[in-house]
Amino acid sequence: MRTILIQLDTDPLASTFDRVVAVDAGVDELFSYGGMTPETVVPLVHGAMFTRAPGELKHTAIFVGGSDVAAGEALFEAVQQAFFGPLRVSVLMDSNGSNTTAAAAVLLAGGHLALAGAEALVLGGTGPVGQRAAELLARQGANVRVGSRFATRAAATCEAIRRELPEARLQPVATAGDAGLNAACRGVQLIIAAGAAGAELLSAERRRAIATLQVAIDLNAVPPAGLAGIEPTDKAREREGAICYGAIGVGGTKMKIHRAAVQSLFEANDRVLETEAVYRIGEVLLGR
114 MRTILIQLDT DPLASTFDRV VAVDAGVDEL FSYGGMTPET VVPLVHGAMF TRAPGELKHT
174 AIFVGGSDVA AGEALFEAVQ QAFFGPLRVS VLMDSNGSNT TAAAAVLLAG GHLALAGAEA
234 LVLGGTGPVG QRAAELLARQ GANVRVGSRF ATRAAATCEA IRRELPEARL QPVATAGDAG
294 LNAACRGVQL IIAAGAAGAE LLSAERRRAI ATLQVAIDLN AVPPAGLAGI EPTDKARERE
354 GAICYGAIGV GGTKMKIHRA AVQSLFEAND RVLETEAVYR IGEVLLGR
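With positions in the sequence shown counted from 1, the corresponding number in this note's numbering is that position plus 113.
Below, the structure written as C-alpha cells:
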C-alpha cells in the first residue's frame, strides 16, 4: 500500500523545503495544504482517518509545519483532538524546523561533552528553537541557563519547561548589557545560540574569554553570526580551544533527523512526534 503524507502548513503556501524532505524520505504521495488553522483542519484529519481500514492507517500520516511555531503548536493540538479511539494516524510537528534543529544541536553537543551535569547557556533561549534546546539539555541532566534580553521572558520560559519537566535544573539569565552577559557566560562549557536571524548575541572577544568553553553552536545562518567568529559552515571545527558548529554544520544532522522522523511515521498509526520524540529518533540515528 502506498504511503501518504498530508502536509498541513499554517503559512498561505505550503513549504517547499518540507515537501522536498518528504520526497527524499521516500513518501509515495504528498498532499500539501497551506493556510491551515485549528478551525479548518478537522475535515482533512477525518479524511485521513476514515479512508483506510484500521490495520492500514499506518500508511497515512500528517506533518504539521509552517514558519509560525505557536500557530503550528495550536494546529498540532487540534489534529490530535480530532482523533478518537483506534482511528488515528501518526503526526509530526516541526514548524520552522524547531524540533529537528534543536535535537540536532543538542545531539551534536553531546558528541563532544558529557551533558549530564554540564553548565550550558542557551542564548535566545526564549524563542522556539532555544526553548526546545533548553528542554532537551535539561532532560539530559545539564544545568541550563536560559538567556534572554529580558529577565521576565527568561523566567517564563523556565517555568514553562518545568511544567513538563519538574526536575529540570534551569536558571533564567538576563543578557542585556555587559554585566548580565558576562555573568551568564561565567563558567559555561556549552553555548547554543538560537536567537533571531541576523542578531549578534556574543562577540568573538567575549567568547574567546570563556576559559571553560568546550562547545559552541550557532544556529543563525544569516549574517551577522549569533556567535561572532563562527562560520555557518563550521562543523566540529576547533576555534580557540572550543569545538564549534555553524548553522550549515548542524544542518546536515538536522536533515537526517527530519527524514528519519518522516519515515518513522509509517511504522505505526499512533506516533506523536514532537520535541523529545524527535530527539529520540536522532539518538537512534546517531547510535547514541
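Positions of the beta carbon are idealized from the N, C-alpha and C atoms, including for glycine.
Since the structure is predicted, the reported quantities are computational estimates derived from the model, not experimental observations.
Alpha-carbon to alpha-carbon, residue j and residue i
| i | j | result |
| --- | --- | --- |
| aspartate 331 | isoleucine 323 | 16 Å |
| glutamate 169 | alanine 374 | 19 Å |
| glycine 365 | alanine 135 | 16 Å |
| glutamate 351 | proline 167 | 52 Å |
| isoleucine 361 | threonine 346 | 5 Å |
| lysine 171 | threonine 153 | 23 Å |
| arginine 276 | phenylalanine 196 | 25 Å |
| alanine 334 | proline 199 | 42 Å |
| isoleucine 65 | glutamine 194 | Residue coverage of the chain in this structure runs from 114 to 401, which leaves residue 65 outside it and unanswerable. |
| valine 363 | isoleucine 356 | 13 Å |
Limits of the beta strand (DSSP E) - the one that residue i falls within
| i | result |
| --- | --- |
| serine 180 | First-last for serine 180: undefined, no H or E at that position. |
| valine 259 | 256–261 |
| glutamine 253 | From DSSP, glutamine 253 is part of no beta strand (DSSP E); its letter is neither H nor E. |
| valine 235 | 232–236 |
| glutamate 272 | Per DSSP, glutamate 272 belongs to no beta strand (DSSP E); it is in the alpha helix (DSSP H), 264–277. |
| glutamate 142 | 142–146 |
The alpha helix (DSSP H) enclosing residue i, as first and last residue numbers
| i | result |
| --- | --- |
| aspartate 122 | Element bounds for aspartate 122: not the alpha helix (DSSP H) but the beta strand (DSSP E), 117–122. |
| valine 335 | Taken as a continuous stretch (DSSP letters only), valine 335 belongs to no alpha helix (DSSP H), as it is neither H nor E. |
Cβ-based burial, residue i [other Cβ within 10 Å; buried from 16]
| i | result |
| --- | --- |
| alanine 281 | buried |
| aspartate 131 | buried |
| threonine 325 | exposed |
| arginine 245 | buried |
| glycine 395 | buried |
| valine 257 | buried |
| threonine 81 | Residue 81 lies beyond the range of the chain shown here (114 to 401); nothing can be said about it. |
| alanine 289 | exposed |
When the Cβ atoms of the stretch 137–150 are set against those of the stretch 362–382, are three or more pairs found closer than 8 Å? Yes, the stretch 137–150 is in contact with the stretch 362–382.
If we count Cβ pairs, one from each stretch, closer than 8 Å, do we get three or more for the stretch 209–222 versus the stretch 244–256? yes
Ordered list of beta strand (DSSP E) runs contained in the stretch 154–223, each at least 3 residues: 173–178, 203–206
Three or more C-beta pairs below 8 Å linking the stretch 222–230 and the stretch 288–295: no
Taking three-plus beta-carbon pairs below 8 Å as touching, is the stretch 178–190 in contact with the stretch 203–210? yes
In chain order, each alpha helix (DSSP H) run of at least 4 residues that lies wholly inside the stretch 286–323: If we require 4 residues or more, the alpha helix (DSSP H) runs fully inside the stretch 286–323 come out as 291–298, 317–321.
Quick one: any contact between the stretch 114–123 and the stretch 145–160, if contact means 3 or more CB pairs under 8 Å? Counting Cβ pairs under 8 Å, three or more are found: they touch.
Under 8 Å, with one C-beta from each stretch per pair, do the stretch 302–318 and the stretch 186–203 reach the 3-pair mark? no
Entirely within the stretch 325–391 and at least 3 residues each: give me those beta strand (DSSP E) ranges in chain order. 328–331, 348–352, 355–358
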